[in-house]
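Enquirer: Here you go, one structure.
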Amino acid sequence: MARSKPAPIHIPLPAEEAAAFRRRLHRWYKQHSRDLPWRTTRDPYRILVSELMLQQTQVSRVLDFYRRFLERFPDLESLAKARPQRVLEAWEGLGYYARARNLHKLAKHVTSSPSGIIPSEPVELQALPGVGAYTAGAVASFAYEKRAALVDTNVARVLHRVFAPELNPKSGPGLRRLWQLANELLPRTGKVTWTHNQALMELGALVCSARAPKCTVCPVKRQCASVERFVGGD
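Numbering (the working numbering), first residue to last: 329 to 562.
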């Protein structure tokens with residue numbers, strides 16, 4: 329009988345390496361971050377709307393839809409009271425309409441709950457319609473300044489290239505390791521975590537892109553395990 333392979337042992341990042349990564353990343357973000365409307369609010373409803381819209385959709389495309397949607401439904405209560413057809417009309421052109429339906433269900437669910445407010449803890453957020461691990465972490469971090477990790481496509485790409493290029497990021501074990509890395513890199517406080525998570529996402533969007541990463545201007549290139557692969561191919 330063939331023996332099954334033992335599960336790989338993951339050694340946590342050294343504290344000094346994690347600290348250096350955060351320092352370089354945060355410094356870069358302060359100089360290069362984009363001015364986006366959902367970054368100037370701590371309203372959990374508005375952040376939730378933005379996060380659901382941004383799923384599988386480019387930022388440039390979301391901007392106008394985000395503003396128009398909030399003009400029509402400025403808060404959770406107005407969305408909960410709306411007819412389903414009105415919600416879909418406000419979403420029309422953005423695609424992936426299941427997101428709009430889930431957002432409407434979520435509004436009804438939350439407004440009919442005893443508290444009437446969107447939860448602040450990731451575990452509770454994931455119990456809401458259409459909210460997965462990433463969206464839960466994003467709302468907890470960006471609305472409530474919780475010390476919560478998040479891994480979207482951009483963050484996964486950054487962590488995979490910098491720290492673990494040997495992984496298959498689309499496999500179960502690979503994705504779990506990326507979430508572990510995201511947690512290991514978290515700052516000590518929720519307030520700084522807000523900046524950290526925004527910076528990770530921004531780095532993946534503006535510099536560590538999927539097809540043509542700009543390694544020469546990357547703030548963490550000294551720590552990146554993949555930089556020679558991309559720079560060498562220029």
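Beta carbons: idealized from backbone N, C-alpha and C, even for Gly. Small disclaimer: the values here were computed from a predicted structure and weren't measured.
Enumerate, from N- to C-terminal direction, the unbroken alpha helix (DSSP H) stretches of 4 or more residues contained entirely within the region 338-405.
Expert: Here the runs fully enclosed are 343-360, 372-382, 387-400.
Enquirer: Gln-424 by DSSP, collapsed to three states: which one?
Expert: For the purposes of this step, residue 424 is identified with residue 96 of the sequence shown, where counting begins at 1. Here the sequence assigns Tyr to residue 424, which means Gln is not the residue at that position. Coil.
Enquirer: Below 8 Å CB to CB, which residues in the same chain sit around Tyr-394 once its five sequence neighbours on both sides are set aside?
Expert: For the purposes of this step, residue 394 is identified with residue 66 of the sequence shown, where counting begins at 1. Only residues of its own chain outside the window of five on either side were considered, and among them Pro-365, Trp-366, Val-377, Ser-378, Met-381 have a CB closer than 8 Å to the CB of Tyr-394, listed in chain order.
Enquirer: How would you call Gln-565, buried or exposed, if buried means at least 16 neighbouring beta carbons within 10 angstroms?
Expert: Summary: the structure shown does not reach residue 565, with the chain confined to residues 329 through 562, and so no result is reported for it.
Enquirer: Does the distance from the C-beta atom of Phe-470 to that of Ala-553 stay below 9 Å?
Expert: Numbered from its first residue, the sequence shown carries residue 470 at position 142. Numbered from its first residue, the sequence shown carries residue 553 at position 225. In this structure, Phe-470 keeps its C-beta atom at 9 Å or more from the C-beta atom of Ala-553.
Enquirer: Counting C-beta neighbours from all protein chains within 10 Å, is the total for His-563 16 or more, i.e. buried, or is it exposed?
Expert: Since the first residue shown for the chain is 329 and the last is 562, residue 563 is missing from the structure and cannot be characterised.
Enquirer: Considering only their Cβ atoms, is the gap separating Arg-504 from Ala-538 smaller than 9 Å?
Expert: As a working note, residue 538 is residue 210 in the sequence shown. As a working note, residue 504 is residue 176 in the sequence shown. No, the Cβ-Cβ distance between Ala-538 and Arg-504 is not below 9 Å.
Enquirer: Would you decide whether Val-545 is buried or exposed? Buried here means 16 or more other CB atoms lie within 10 Å of its CB.
Expert: Against the sequence shown, residue 545 aligns to sequence position 217. With fewer than 16 other Cβ atoms within 10 Å, it is exposed.
Enquirer: On the three-state DSSP scale, how would you describe Pro-450?
Expert: What you label residue 450 is simply residue 122 of the sequence shown in a count that begins at 1. Note: Pro-450 maps to helix in three-state DSSP.
Enquirer: Which residues in the same chain have their Cβ closer than 8 Å to the Cβ of Tyr-472, if we skip the five residues on either side of it in sequence?
Expert: For the purposes of this step, residue 472 is taken as residue 144 along the sequence shown, with counting starting at 1. Around Tyr-472: Arg-370, Pro-372, Ser-448, Gly-518.
Enquirer: Which of helix, strand or coil does DSSP assign to Pro-501?
Expert: For this step, residue 501 is matched to residue 173 along the sequence shown. Here Pro-501 sits in helix by DSSP.
Enquirer: May I have the straight-line CA-CA distance separating Val-467 from Ala-533, to the nearest angstrom?
Expert: As a position in the sequence shown, residue 467 is number 139, starting the count at 1. As a position in the sequence shown, residue 533 is number 205, starting the count at 1. Their Cα atoms are separated by approximately 19 Å.
Enquirer: Examine the Cβ distances between the region 353-362 and the region 428-447 and report whether three or more of them are shorter than 8 Å.
Expert: No, because fewer than three Cβ pairs between the region 353-362 and the region 428-447 fall closer than 8 Å, the two stretches do not touch.
Enquirer: Is Ile-339 buried or exposed, if buried means 16 or more other CB atoms sit within 10 Å of its CB?
Expert: Here residue 339 refers to the residue found at position 11 when the sequence shown is read from its first residue. Classification of Ile-339: exposed, given that the 10 Å Cβ count is below 16.
Enquirer: Counting only runs of 4+ residues fully inside the region 515-545, write out the alpha helix (DSSP H) ranges in chain order.
Expert: 518-534
Enquirer: Taking only the alpha-carbon atoms, compute the straight-line gap between Gln-551 and Ala-348 and give it to the nearest angstrom.
Expert: On the sequence shown, residue 551 is found 223 positions in, with the first residue counted as 1. On the sequence shown, residue 348 is found 20 positions in, with the first residue counted as 1. Going from the Cα of Gln-551 to the Cα of Ala-348 covers about 9 Å.
Enquirer: If distances are taken between C-alpha atoms only, which option among Asn-511, Lys-549, Leu-531 comes closest to His-341?
Expert: In the sequence shown, the residue the question calls residue 341 occupies position 13. Note that residue 341 is Leu in the sequence shown here, rather than His. Measuring from the Cα of Leu-341, the nearest candidate turns out to be Asn-511.
Enquirer: With H, G and I counted as helix, E and B as strand and the rest as coil, what does DSSP make of Ala-477?
Expert: Counted from its first residue, the sequence shown places residue 477 at position 149. Looking at Ala-477 - three-state DSSP - the assignment turns out to be coil, as it is neither helix nor strand.
Enquirer: Taking the Cβ atom as the reference point for each residue, do Leu-531 and Pro-515 lie within a distance shorter than 9 Å?
Expert: Reading the sequence shown from its first residue, position 203 is the one you call residue 531. Reading the sequence shown from its first residue, position 187 is the one you call residue 515. Not closer than 9 Å, so no.
Enquirer: How close, in whole Å, do the beta carbons of Trp-522 and Ala-477 come, if the pair is a contact with beta carbons under 8 Å?
Expert: Here residue 522 corresponds to residue number 194 of the sequence shown, with the count starting at 1. Here residue 477 corresponds to residue number 149 of the sequence shown, with the count starting at 1. Rounded, the Cβ-Cβ distance is 12 Å, inconsistent with contact.
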